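These notes concern the structure reproduced below.
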Amino acid sequence: MSNILSETYIKLLNNIILPIGDKAFGGDYIKHLKEWNQFDLKSSDELAEIQRARLSEILTHAHETVPFYKNKIDKSFTDPYQTLKKLPVLSKTLLTEKREELVSDQFSEDELSKNFSSGSTGVQSYSYSLPKDVFLNQAIQRHWFLWTGYRQGDPVMQFGISPQRTLVKKLKDIFFNATYVNAFSISEEDCKQLYLKLKKKKIQFMIGYPSAIYQLAKWMKENDKKHQIKSIISLGDKLFSHYEKLFQDVFNKPLVMDTYGCAEGFLIAARLDHPYYYISSPHVVVEIVDDEGNEVKDGEMGHVLLTSLTNYAQPFLRYKLGDLAVRLPKNEYPESPQFNYPLLKKIVGRETDAIHTPTNISLTVHSFTGIFEYYEEIVQFKVIQTTKENLLIEYISEEQIDLIIKEIKKKLDKLTQNSMKIDFERVEKISAMKSGKPQIIEKRI
């Protein structure tokens, strides 16, 4: 696509196609995108006031309409933050056991969207939201993308884990000029073809799982290939420093953005112009707490608790995600940050080493969760590589599920190109890591 055609299409997408889509689906995507672009211009005091007002509103809503919280929130509260701290921590176990009580009585489950967790912890769970909330979340995320110089309609290579692209998603790929790459497993031949697409389509932006982008970058390094990328936007996976180092080499010093979110509908934070993460404070309250749920001092590591300020269908109040993080002390804030959102100093992730098959295919945690997440019968699972050719899958289920295991094994055999012996073992418990997340991939070689 020539520069003139490219510029024309970008204007067409933003001025005609997206507004028509907004009216057709009633999602207010453009309205939300403009609102978040305005938030970027606010002072820290203005952002704090917006968050405080929204927290008061969601707490009042929870008290009035959510059975679980009716007797846990004092309707005459004056300080929303102190009121929030008095509420119980919402664990994934509590989310499952009290699911019906946690949904607002203003809505029936039939009119709500069911959102399955990514499964990267190995624990299957889901939550509810209003169907229109997806447009808000897309606006928040895409407004992050715009920080990097990306424009809606620019050619982009997207690395995702949807095993089958629905018609709606395929249309989205077309309209947003996205080349979609299945990040499940990437072979050497795949890397070669992806590199050719980068050149042919003159792609300068990459979005998606950094572990998958890393596999392409590694192939390019090994084959002495380079390509100019303006920015790489990391999401859904851990962005390791050695990934970034290689990206800087083979993609000619791109801007690398790291984002932090979860499938329960939180767009939590994003890193851009310094080592710290801008918290989406009009959308979420982030608490960093100790094992007892008490807030730790800024600069100290603790468990991440999230409170959604936008999900009125199933208010998430003090949701324990299972991550560890550190809030940046105010005296360490950069002198001239690009935005005035509050900052996280560090998001403590766990190593999710890729499993390399004998046929040189790299499988990440999401290669497996993309399969297991569709089987609710499996409560939790863990992948153990015992030798280069052997995998052991430990899983927890309430009953014997031989037919399901057989079906999963067939998919894993296809994923590994029948190059590994895969065994399954039903267990009663899978030990968690310090962060509270089960270790989904373990290497014993």
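The sequence shown begins at 3 in my numbering and counts up one residue at a time. Yeah, the Cβ is synthetic: ideal placement off N, Cα and C, and Gly gets one too. Computed from a predicted structure; not experimentally measured.
Top-ranked residue by Cα proximity to residue i, from the options
i: Lys220; options: Asn362, Ser399, Ala50 and Leu345; result: Asn362
i: Ile406; options: Glu379, Glu396, Gly238 and Asp425; result: Glu379
i: Arg56; options: Ser282, Tyr130 and Tyr11; result: Ser282
i: Ser115; options: Arg101, Leu330, Pro284 and Tyr130; result: Tyr130
i: Lys163; options: Lys227, Gln230, Asp239 and Leu218; result: Reading the sequence as shown, one finds Ile at residue 163 and not Lys. For the residues Lys227, Gln230, Asp239 and Leu218, the minimum Cα distance to Ile163 belongs to Asp239.
i: Gln84; options: Ala141, Leu319, Gly151 and His305; result: Leu319
i: Phe383; options: Tyr376, Met208, Ile395 and Lys174; result: Ile395
i: Glu294; options: Leu241, Glu9, Pro90 and Phe41; result: Pro90
i: Ile227; options: His285, Ala185, Ser127 and Lys201; result: Correcting the residue identity first, residue 227 is Lys in this sequence and not Ile. Closest option to Lys227, Cα to Cα, is Lys201.
i: Glu430; options: Lys416, Leu414, Thr418 and Ser399; result: Ser399
Local Cβ density within 10 Å of residue i, reported as buried at 16 or more and exposed below that
i: Asp156; result: buried
i: Asp292; result: exposed
i: Ile234; result: buried
i: Ser437; result: Its pLDDT being 37, under 50, Ser437 is placed unreliably in this model, and the coordinates cannot settle the point.
i: Val73; result: Here residue 73 turns out to be Asn, not Val, going by the sequence shown. So Asn73 ends up on the exposed side.
i: Thr80; result: exposed
i: Glu302; result: exposed
i: Leu169; result: exposed
i: Gln160; result: buried
i: Ile410; result: buried
i: Pro212; result: buried
i: Gly267; result: buried
Per-residue DSSP class, three states only, for residue i
i: Asn392; result: strand
i: Arg144; result: helix
i: Gln40; result: helix
i: Arg101; result: coil
i: Glu353; result: Low per-residue confidence applies at Glu353: pLDDT is 35, beneath 50, and the placement is therefore not dependable enough to give any value.
i: Ile22; result: helix
i: Gly151; result: coil
i: Thr10; result: helix
i: Thr168; result: coil
i: Val429; result: coil
i: Arg446; result: coil
i: Ala327; result: strand
i: Phe70; result: helix
i: Asn372; result: Position check: residue 372 holds Gly in this sequence, whereas Asn was assumed. Residue state, collapsed to three classes: helix.
i: Phe253; result: coil
i: Tyr377; result: coil
i: Glu302; result: coil
i: Gln387; result: strand
i: Ile75; result: coil
Cross-strand partners of residue i (DSSP beta bridge)
i: Glu59; result: Answer is none; Glu59 lacks a bridge partner.
i: Ser310; result: Val286
i: Met222; result: None, per the DSSP bridge assignment.
i: Leu35; result: DSSP lists no partner for Leu35.
i: His358; result: Ser364
i: Asp260; result: Ser236 and Arg273
i: Gln160; result: Tyr182 and Ile209
i: Lys348; result: Val328
i: Glu297; result: Val291
i: Ser129; result: Asn117
i: Ile281; result: Ala271
i: Leu92; result: Tyr321
Own chain residues within Cβ distance below 7 Å of residue i, not counting five before or after
i: Glu190; result: Trp221 and Asn362
i: Asp24; result: Asp30, Tyr31 and Ile32
i: His358; result: Ser364
i: Asp251; result: Lys223
Contacting residues, own chain, Cβ-Cβ under 8 Å from residue i (five flanking each side not counted)
i: Tyr314; result: Ile60, His63, Ser106, Gln108 and Leu132
Proximal residues to residue i (C-beta, below 6 Å), its chain only, five neighbours per side dropped
i: Ser46; result: Asn342
i: Gly304; result: Ile290, Val291, Asp292 and Val298
i: Ile349; result: Tyr262 and Ala327
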